[in-house]
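Chains as they are written, first to last, in my numbering: chain G, 1 to 113; chain S, 1 to 113. The beta-carbon is built from N, C-alpha and C at its ideal position, and this holds for glycine as well. All of these numbers come straight from a predicted model, not from anything done at the bench. Here is the structure we will look at, set down as structure tokens.
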Amino acid sequence: QKEVEQDPGPLSVPEGAIVSLNCTYSNSAFQYFMWYRQYSRKGPELLMYTYSSGNKEDGRFTAQVDKSSKYISLFIRDSQPSDSATYLCAMSDLNQAGTALIFGKGTTLSVSS
Amino acid sequence: GAGVSQSPSNKVTEKGKDVELRCDPISGHTALYWYRQSLGQGLEFLIYFQGNSAPDKSGLPSDRFSAERTGGSVSTLTIQRTQQEDSAVYLCAIPMDTNYGYTFGSGTRLTVV
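This is the structure:
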């Protein structure tokens with residue numbers, strides 16, 4: 001079992017839809033959870049960052065962490081064609097220099113106008 | 001992304017040749033990471049640098065892979081006797097100043113033919 005599981009999709013939605021992206025993980029020591037967005041032929045860019053459990057909202061984006069279920073989600077409201085990208089979850093267990101992030105495989109999202 | 005420059009952006013090489021990939025981060029970052037992104041495999045950690053030393057090189061897939069960093073700045077990843085399975089995007093990253101995420105470069109897309 002991989003440490004982090006993420007459905008690769010692809011996921012296709014119409015403009016304006018609510019999108020739900022998810023990851024599950026096996027290491028209960030993970031405390032730092034992130035979502036990255038990656039456009040084609042670009043490096044990943046940090047979208048959302050959450051420590052431990054709970055919700056975090058930033059504009060149209062909401063990140064949720066449920067440590068009891070080892071499950072994290074990213075919700076995108078009022079999705080736009082510009083949201084079309086690959087979304088990667090990432091997590092780590094230690095807030096120390098050198099702790100490598102563990103990434104999911106990424107979910108490819110396409111939002112049609 | 002801003003803060004990390006990688007070169008070349010694309011590299012096509014013949015099987016069995018050696019290649020050198022370069023990462024040039026903005027100054028002041030002692031930590032540096034290399035990741036590999038293969039089709040369908042997500043981001044795989046390769047090596048972590050703290051200054052010029054590499055305390056964690058556990059992700060290097062074989063002894064054909066090596067990396068160095070000089071002056072606490074530029075890093076090079078060298079792949080000897082390239083194989084087709086080495087084809088991937090090689091990404092370099094530095095820690096972000098404001099949280100525990102990374103800033104990634106745009107990567108080097110390596111194709112071994």
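Query	Result
Continuous beta strand (DSSP E) stretch holding Asp97 (chain S): start and end	Asp97 (chain S) -> no beta strand (DSSP E), and no H or E assigned at all.
Whole-angstrom distance between Thr76 (chain S) and Arg60 (chain G), CA atom to CA atom	39 Å
Beta-carbon proximity of Leu101 (chain G) to Ala90 (chain G), cut-off 8 Å	yes
Contacts of Ser42 (chain G) in chain S (Cβ-Cβ under 7 Å)	Looking at the sequence provided, one finds Lys at residue 42 (chain G) rather than Ser. What Lys42 (chain G) touches in chain S: Ser106.
Any 3 or more C-beta pairs closer than 8 Å across the segment 28 to 48 of chain G and the segment 12 to 26 of chain S	no
Cβ neighbour criterion (16 or more within 10 Å) applied to Gly40 (chain S)	exposed
Listed by chain order, chain S residues near Gly104 (chain G) by CB distance under 9 Å	Gly42 and Leu43
Proximal residues to Cys23 (chain S) (C-beta, below 8 Å), its chain only, five neighbours per side dropped	Val4, Ser5, Gln6, Leu32, Trp34, Val74, Ser75, Thr76, Leu77, Cys92 and Gly105
Proximity below 8 Å, CB of Leu11 (chain G) to CB of Leu88 (chain G)	no
Chain S contact for Met91 (chain G) (CB, 8 Å cutoff)	no
Reduced DSSP secondary structure (H/G/I, E/B, other) of Glu3 (chain G)	coil
Run of the beta strand (DSSP E) containing Glu20 (chain S), from where it starts to where it stops	Val19 to Pro25
Asp56 (chain S) at chain A interface by Cβ criterion, 8 Å	The structure shown contains no chain A; its protein chains are G and S.
Within-8 Å CB hit, Tyr49 (chain G) to chain S	yes
Delimiting residues of the beta strand (DSSP E) encompassing Ala54 (chain S)	Ser53 to Asp56
Helix, strand or coil at Ser38 (chain S) according to DSSP, with G and I counted as helix	strand
For Arg109 (chain S) and Ala29 (chain G), the rounded distance between their alpha carbons	33 Å
Distance between Ser53 (chain S) and Asp97 (chain S) (C-alpha atoms, nearest Å)	21 Å
Buried/exposed call for Arg81 (chain S), threshold 16 Cβ in 10 Å	exposed
Interface residues of chain S facing Ala100 (chain G) [CB-CB closer than 8 Å]	Tyr33, Phe45, Tyr48, Asp56 and Gly59
Beta-carbon proximity check, Pro132 (chain G) vs Ser84 (chain G), cutoff 8 Å	It is not possible to answer for residue 132 (chain G), since the shown part of chain G is limited to 1 through 113.
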